[in-house]
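In my numbering, the protein residues as written are 74 to 202.
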């Protein structure tokens, strides 16, 4: 089972929009409010949010059109690189992915890989040939 930020990504993608065109940011915000109803700090956590938005921006999340959703940041590169590693089959755990995408730097993990892995394991990442 994914951690809560992984769950937030799953909720955001699977969300019933009732015909409304909700942006990935609106989907993410709704999901984290449901999972962290009493923690505005957890709702605003940037790493997992930016990882999710970056994957959406790149057209890597099934059901979400590519677009300009995330500012340029290190999380964008981490998330998209992690998808490439998963597609290659070389890294399969949060720790292995994190070590590789950060080039072994001593950077604390902020749940970015939990978002990527949750989407990957639930077949919600577009897998390109």
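All residues carry an ideal CB built from backbone N, CA and C; glycine is no exception.
Rounded C-alpha distance that separates residue i from residue j
i: residue 107; j: residue 99; result: 12 angstroms
i: residue 114; j: residue 167; result: 23 angstroms
i: residue 86; j: residue 101; result: 8 angstroms
i: residue 181; j: residue 132; result: 27 angstroms
i: residue 187; j: residue 78; result: 7 angstroms
i: residue 139; j: residue 158; result: 21 angstroms
i: residue 91; j: residue 170; result: 35 angstroms
i: residue 179; j: residue 109; result: 28 angstroms
Proximity winner among the options, relative to residue i (alpha-carbon distances)
i: residue 200; options: 97, 169, 101, 153; result: 153
i: residue 116; options: 136, 140, 80; result: 80
i: residue 97; options: 160, 185, 136; result: 136
i: residue 148; options: 111, 110, 184; result: 184
Delimiting residues of the alpha helix (DSSP H) encompassing residue i
i: residue 185; result: 185-194
i: residue 169; result: 167-174
i: residue 159; result: 147-161
i: residue 106; result: 97-108
i: residue 87; result: 77-87
Residues near residue i in its chain [Cβ-Cβ closer than 8 angstroms; skip 5 each side]
i: residue 128; result: 134, 152, 153, 156, 188, 189, 192, 198
7 angstroms Cβ shell around residue i - same chain, five flanking residues per side excluded
i: residue 195; result: 83
i: residue 130; result: 139, 140, 141, 142, 143
i: residue 162; result: none
Cβ neighbours of residue i in the same chain (closer than 6 angstroms, five flanking residues each side left out)
i: residue 74; result: Reliability of the predicted coordinates at residue 74 is poor, the pLDDT of 42 falling under 50, and the value obtained from them is presented with this limitation in mind. So no residue of the chain qualifies.
TODO: Please confirm if the stretch 167-177 is in contact with the stretch 110-127, defined as three or more CB-CB distances below 8 angstroms between the two stretches.
DONE: no
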